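When the letters of the sequence shown are read in order and numbered with the UniProt record's numbering, they come out as residues 1 to 176.
Using N, Cα and C, we set each Cβ at its ideal position, and we do this for glycine too.
All of these numbers come straight from a predicted model, not from anything done at the bench.
Only one structure is covered here, and it is reproduced in the block below.
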Amino acid sequence: MTAPATPAPSTATPHPGPTAAPSTRAPSTPAPSTPAPAADTAAAPTDPPPALPDADDRPAPAASRADRPGAGAALKGLRRVSEPAPLPEIPVPADQAGIDELRLEIDRIDAELVRLIQHRTAVSQAIGAARASMGGPKIVYSREMLVLERFRALGPAGTDLGMMLLAMGRGQLGRR
């Protein structure tokens with residue numbers, strides 16, 4: 001015996017709007033007259049929005065679609081990351097001199113990371129100021145979801161790092 005198939009979610013309209021649950025009405029009671037759901041949306045039900053290309057056939061979460069207002073063309077074509085990237089192979093040093101050399105490399109990497117984070121923060125704040133001056137929201141949550149998806153490649157701590165970078169980019173807006 002097979003289990004009943006679960007219907008796939010419809011992408012014809014972004015949201016159905018407020019409706020009564022069908023199970024609360026008697027079959028002979030007609031449904032109240034309500035406007036068609038398409039009246040609440042900009043697109044007709046026969047014109048679903050395009051989704052981001054995913055690595056598999058799973059639909060992208062609604063918050064990460066590049067067709068949302070404010071999501072730039074640069075977001076189209078981004079792929080979802082499902083597993084952390086493997087660490088590069090670094091030879092294990094045999095002596096203290098080798099350890100000291102690797103520590104110097106870490107110091108150089110840290111200095112470059114600080115420089116890049118400062119630059120990223122300035123770019124993010126400039127984007128927020130530009131969006132606000134154009135009357136749009138300073139924060140685009142669908143964009144932030146894409147950023148976090150990218151940092152998931154680093155594992156659970158990567159998501160935390162992504163959240164910290166997003167908070168730094170928001171500036172005073174993201175602090176209470």
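Helix, strand or coil at residue i according to DSSP, with G and I counted as helix
i    : result
I90  : coil
S140 : Checking the sequence, you will find Val at residue 140 rather than Ser. Correct three-state label for V140: coil.
M134 : coil
G98  : helix
G155 : coil
For residue i, the nearest candidate out of the options (CA to CA)
i    : options                : result
S142 : A129, A153, L166, I106 : L166
E89  : S133, Q96, R108, L102  : L102
M164 : P86, D95, Q118         : Q118
P86  : G169, D160, R152, L161 : R152
E144 : I127, D110, L104       : I127
Cβ-heavy atom distance, residue i to the ligand SAM, below 7 Å
i   : result
Q96 : For the structure depicted, the ligand SAM is absent and the ligand set is empty, with no information on it obtainable.
Straight-line gap, residue i to residue j (C-alpha atoms, nearest Å)
i    : j    : result
G155 : A94  : 29 Å
I106 : L113 : 10 Å
Q125 : A157 : 24 Å
R131 : E149 : 23 Å
R120 : G162 : 12 Å
G171 : Q96  : 42 Å
P137 : G98  : 50 Å
R108 : A129 : 32 Å
T159 : D100 : 30 Å
V92  : A111 : 23 Å
L146 : L104 : 33 Å
A122 : G169 : 7 Å
L116 : V140 : 22 Å
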